[in-house]
Amino acid sequence: MITAQISHVAFLAARIILMILFLLSFLVTAFFVERLLFFRKRLLKDLSPLLSALELAQSKTEIRAILENAGRSETALILKGLQETNATEASFRKTVQAFLYPERKQWERFSVFLGSVGNNAPFIGLLGTVLGILKSFADLSLVASGGPQVVMAGISEALIATAVGLLVAIPSVIFFNICKVYIKRSLNHVNALMDMIGAKNLF
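Okay, so the sequence shown: first residue is 1208 according to the working numbering, each after it adds one.
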């Protein structure tokens, strides 16, 4: 009977959706931990000491030494802009901006995934709930004597998918926003370093 087949398919699909949500939860956590380790290892945490040291520098050689000693992604970008001996301030800024594009892609790695999961996990969970409700009504038509108990038990089980979807989505959105804060901070660091070096009139 077609109703029995619908019930069976809906049951399997709902279980698959739950497994997908649990897999997404694992990936979200793993990617976020990887991003945190990357940010803490590669990006500047506090720019103030570096700006203070650059303010006292009197030549490009001193500036290069300070930046090399910092050893972070933002300072590496600035060093690339200072490679040309006869560079002007305009060419220096353009060079840094050119190298910033591929570097920013490294900073934003997995961010799209985190944002996508945060936006879509509730809908995936809702799909699981719809399939669970479909199964409940299919079961009710097969067991006429079951009454509301059959439907209520099935719906309560189906709502688990929505709950899991929200439990996956909320951390994903939080993790995505944390990554965005790190990236925005690093972009501001690059701009501040360029402004500080440009203000010294060494070009």
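Here a beta-carbon is modelled for each residue, glycine too, at the ideal position from N, C-alpha and C.
Looking at residue i: is its Cβ nearer than 9 Å to the Cβ of residue j?
i            : j            : result
residue 1249 : residue 1279 : yes
residue 1299 : residue 1404 : yes
residue 1246 : residue 1314 : yes
residue 1224 : residue 1331 : yes
residue 1260 : residue 1325 : no
residue 1393 : residue 1281 : yes
residue 1306 : residue 1238 : no
residue 1263 : residue 1396 : no
residue 1409 : residue 1267 : yes
residue 1321 : residue 1232 : no
residue 1257 : residue 1272 : no
residue 1242 : residue 1389 : yes
What residue does the alpha helix (DSSP H) around residue i start on, and which one ends it?
i            : result
residue 1288 : 1280-1288
residue 1263 : 1255-1263
residue 1302 : 1296-1314
residue 1408 : Neither: residue 1408 is in no alpha helix (DSSP H) and is coded neither H nor E.
residue 1274 : 1267-1277
Just checking my contact of residue i with residue j at CB under 8 Å: how many whole Å lie between their CB atoms?
i            : j            : result
residue 1283 : residue 1335 : Incorrect: roughly 46 Å between the Cβ atoms, too far for contact.
residue 1372 : residue 1338 : That belief does not hold up - the Cβ atoms of residue 1372 and residue 1338 are roughly 13 Å apart, past 8 Å.
residue 1343 : residue 1365 : 7 Å
residue 1289 : residue 1270 : 7 Å
residue 1235 : residue 1379 : 5 Å
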